[in-house]
Amino acid sequence: MATPLVVSEVFKSFTMHLRDGIKLPVVNDVSFSVASGECVVLGGPSGIGKSSILKMLYGNYAVDAGQILVDHKDRLVDIARADPRTVLDVRRHTLGYVSQFLRTVPRVSALDVVAEPLVARGIAAAEARDKAAELLAQLNLPQELWALPPATFSGGEQQRVNIARGFITSHRILLLDEPTASLDATNRRVVVDMIADKKREGVALLGIFHDEEVREAVADRVLDVSQFSPRKAVAA
Amino acid sequence: MTDTPLLKVSGVSKFYGSRIGCKDVSFELWPGEVLAIVGESGSGKTTLLNCLSTRLMPTTGSVEYRMRDGNFRDLYHMSEAERRFLMRTDWGFVHQNPADGLRMTVSAGANVGERLMAVGDRHYGKIRETASDWLTRVEIGTDRIDDQPRAFSGGMRQRLQIARNLVTGPRLVFMDEPTGGLDVSVQARLLDLVRGLVNDLGLSAIVVTHDLAVARLLSHRMMVMKDGHVIEHGLTDRVLDDPREPYTQLLVSSILQV
């Protein structure tokens, strides 16, 4: 089975220059991999570094040491060292991310927010919008909202726009940061089904799910992030 | 991904006497890429922008541009006439103050049409048609085509300046604080417009701004300047979410949350 994502010996800390250069260790020696068709869930209490790991993988956080290898267009790219242009290309074609919060752009409709990743890959706008409409319908977002910018939507509505945007492409790797946090039971089940579909398509998924029911339903294995926590040594 | 950059900047420095304007700046800009240059007033952002866009001769260093024939030319080894032609056709420059980029006493239509004539368009009907099309794209009513920009609001003037710059299908656009001086609702509209146009046309752009939210929305990559030096450079998301340098951390932590 193919393994499109391999994380090896990654270290991360923050240096707070405005606080006398205090150094906050985040995670030490993170190593794991995710195979195609597998959903790995990052587990552990809040503040242990789960979101930080996702942000490093997506290139939003720099990495102090180690490698993040992604199988991108039949070659291995190390996100920890790749230049911005390569990271953007990996995001466009290989690595998707559903963040906890939707970054809204003034005046862009929900439908276009969702369609954008496809348009960025060169798919015709009309076709991309059709696909976006399909996903928004699947996620039960009322049709009268589709033409509106999501800035004024409720938390759950914004999150569904965000999920649709993350799921619209056929990226080989998908990172999910609590995609179901503010959803009701019906829509949580829709997302669980969508994740199952992605698995069948051979997508490698890595996610954070605090909701136990969802976690049970989607996880092939849970990776305990506490084992990478620098605080573990202090506590012991 | 194309394998050739559009602009190659190496070792560009500008000194004003013994004072540093900008020092030893090197980077490459790729087709379709938007680069933001951020920093506080006096950090050298505008000096750098002017050095890149041939408006100000750097003291040392070279700026090479890939012409439409695929060959790289050093901007400062071109003749003045060649540089001007480049500025009028393949490049755009959006000034902070629209009055610097527009001719305030000729009509909106003529402001847009003038750039078309520079590339050899002579058919009046066609020029007017294209101008009117561009006014629509920047959301200015076509009934305003014969009005002078003097009679326009600040936001409309800025949109007109953008239309004037983009009408010739430039490949590279420089913007100096494009939203500075506009009130926030007008800013949002302009940003959204610029963002859409950049995506649709596949433009490369270099945007100078002190507004990090503008940089986040528009740019792929970001350079942070302080005292004439580029102190941090990287993917926009990375620089804003995980700033490494003390000064960048100060900038990011100074953003007011609404």
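Going line by line, the protein sequences match chains A and B. The end of the first sequence is residue 235 by numbering that gives the first Met the number 0, with every number in the run present. The end of the second sequence is residue 257 by numbering that gives the first Met the number 0, with every number in the run present. In this text, a Cβ means the ideal position worked out from N, Cα and C, and glycines have one as well. As the structure is a prediction and not an experimental result, all values here were calculated from the model.
Go through its chain and collect everything with a Cβ distance to residue i's Cβ below 7 angstroms, but skip five positions before and after it.
i: T93(A); result: V69, H71, H170, R171, I172
i: V67(A); result: In the sequence as displayed, the identity of residue 67(A) is Ile instead of Val. The residues are V6, V9, M55, L56, D77, I78, A79.
i: A216(A); result: V191
i: D176(A); result: S50, L53, V97, S98, Q99, I207
i: T135(B); result: T141
i: S108(A); result: W145, A146, L147, P148
i: N49(B); result: L55
Would you kindly check if the distance between the Cβ of residue j and the Cβ of residue i is under 8 angstroms?
i: L205(A); j: V39(A); result: yes
i: V191(B); j: I19(B); result: Per the sequence presented here, residue 191(B) reads as Asp, with Val not at that position. Contact: no.
i: N164(B); j: V93(B); result: yes
i: H16(A); j: P245(B); result: yes
i: L117(A); j: A163(A); result: no
i: A130(B); j: V105(B); result: no
i: Q160(B); j: L211(B); result: no
i: S12(B); j: T58(B); result: yes
i: R120(A); j: T168(A); result: yes
i: F227(A); j: G58(A); result: no
i: L74(B); j: F173(B); result: no
i: E176(B); j: R158(B); result: no
i: L174(A); j: G95(A); result: yes
Using only the alpha-carbon positions, how far apart do residue i and residue j sit?
i: A238(A); j: A203(A); result: Nothing about residue 238(A) can be reported from this structure: the residues present for chain A run from 0 to 235 only.
i: V207(B); j: V37(B); result: 6 angstroms
i: T235(B); j: S218(B); result: 7 angstroms
i: C21(B); j: L55(B); result: 12 angstroms
i: F84(B); j: G91(B); result: 11 angstroms
i: I122(A); j: D240(B); result: 30 angstroms
i: L196(B); j: L249(B); result: 32 angstroms
i: V213(B); j: M155(B); result: 19 angstroms
i: D146(B); j: A107(B); result: 6 angstroms
i: L23(A); j: E63(B); result: 42 angstroms
i: E128(B); j: T151(A); result: 38 angstroms
i: S35(A); j: L222(A); result: 16 angstroms
i: V62(A); j: R143(B); result: 53 angstroms
i: G16(B); j: P30(B); result: 35 angstroms
i: G201(A); j: E37(A); result: 8 angstroms
i: R220(A); j: H209(A); result: 14 angstroms
i: S252(B); j: D19(A); result: 15 angstroms
i: G65(A); j: L216(B); result: 30 angstroms
i: K125(B); j: R82(B); result: 27 angstroms
i: R90(A); j: M103(B); result: 44 angstroms
i: P242(B); j: A80(B); result: 42 angstroms
i: A150(B); j: V86(A); result: 45 angstroms
i: Q137(A); j: E211(A); result: 23 angstroms
i: S78(B); j: V112(A); result: 45 angstroms
i: P83(A); j: Y60(A); result: 12 angstroms
Please work out which residues of its chain come closer than 6 angstroms, Cβ to Cβ, to residue i, disregarding the five sequence neighbours upstream and downstream, and give them in chain order.
i: R87(B); result: A117
i: S181(A); result: G154, G155, Q158
i: E27(B); result: P4, K7
i: H76(B); result: none
i: M222(B); result: I36, V229, H232
i: F14(B); result: T58
Please go through the same chain and pick out, in chain order, the residues whose beta-carbon is closer than 8 angstroms to the beta-carbon of residue i, but skip the five residues on each side of it.
i: A234(A); result: Unreliable placement is indicated for A234(A), whose pLDDT of 47 sits below 50; no coordinate value is reported for it.
i: N139(A); result: R159, T185, N186, V189
i: R114(B); result: R87, T88, R163, N164, V166, T167
i: L171(B); result: L5, L6, L28, Y64, D89, W90, G91, L202, S203, A204, I205
i: S40(B); result: H209
i: L110(A); result: R128, A131, A132, L135, W145, A146
i: N96(B); result: G180
Does any C-beta atom of chain C lie closer than 8 angstroms to the C-beta of residue i?
i: Q248(B); result: Reference to chain C is not applicable here, since the protein chains of this structure are A and B.
Interface residues of the segment 204-220 of chain B facing chain A [CB-CB below 7 angstroms] = Along the segment 204-220 of chain B, going in chain order, the ones with a CB nearer than 7 angstroms to a CB of chain A are L216, H219, R220.
Ranges of the beta strand (DSSP E) found wholly within the segment 6-93 of chain A, counting only runs of at least 3 | You should have 21-33, 38-42, 64-71, 74-77.
At a Cβ cut of 7 angstroms, what residues of the segment 82-103 of chain A count as close to chain B, listed as they run along the chain?
-> Answer set for the segment 82-103 of chain A: P83, R84, V86, L87, D88.
May I ask you to list, following chain order, the residues of the segment 136-169 of chain A that have a beta carbon less than 7 angstroms from some beta carbon of chain B?
-> Those residues of the segment 136-169 of chain A that come within reach of chain B (Cβ to Cβ, closer than 7 angstroms) do not exist; the list is empty.
Between the segment 210-224 of chain A and chain B, which residues of the former have a C-beta closer than 9 angstroms to a C-beta of the latter?
-> From the segment 210-224 of chain A, no residue has a Cβ closer than 9 angstroms to chain B.
Where the segment 222-241 of chain B meets chain A: residues whose CB sits under 7 angstroms from a CB there | Within the segment 222-241 of chain B, the residues whose Cβ lies closer than 7 angstroms to some Cβ of chain A are G233, L234, D236, R237, D240, D241, listed in chain order.
Residues of the segment 106-126 of chain A whose Cβ lies closer than 7 angstroms to any Cβ of chain B, in chain order = Only R106, V107 from the segment 106-126 of chain A bring a Cβ to less than 7 angstroms from some Cβ of chain B.
Could you run through the segment 12-25 of chain A and flag, in chain order, every residue whose CB is less than 9 angstroms away from some CB of chain B?
-> Correct list: F13, T14, M15, H16, L17, G20.
Between the segment 84-111 of chain B and chain A, which residues of the former have CB atoms less than 7 angstroms from a CB of the latter, in chain order?
-> Listed by position, the residues of the segment 84-111 of chain B near chain A (Cβ gap below 7 angstroms) amount to none.
Using a Cβ-Cβ cut-off of less than 7 angstroms, give me the residues of the segment 48-80 of chain A that come near chain B, in sequence order.
-> Listed by position along the chain: K54, G58, N59, Y60, A61.
Could you give the uninterrupted runs of the alpha helix (DSSP H) lying entirely in the segment 151-229 of chain A, keeping only those of 4 residues or more?
-> Within the segment 151-229 of chain A, the complete alpha helix (DSSP H) runs of at least 4 residues are 154-166, 184-199, 211-217.
Continuous beta strand (DSSP E) assignments of at least 3 residues falling wholly in the segment 190-221 of chain B | Those beta strand (DSSP E) runs which fall completely within the segment 190-221 of chain B and span 3+ residues are 203-207.
Which residues, in chain order, does the segment 31-54 of chain B contribute to contact with chain A at a C-beta distance below 8 angstroms?
-> Here the close residues are E32.
According to a CB-to-CB cut-off of less than 8 angstroms, which residues of the segment 165-185 of chain B neighbour chain A?
-> When C-beta distances to chain A are compared with 8 angstroms, every residue of the segment 165-185 of chain B stays at or above that value.
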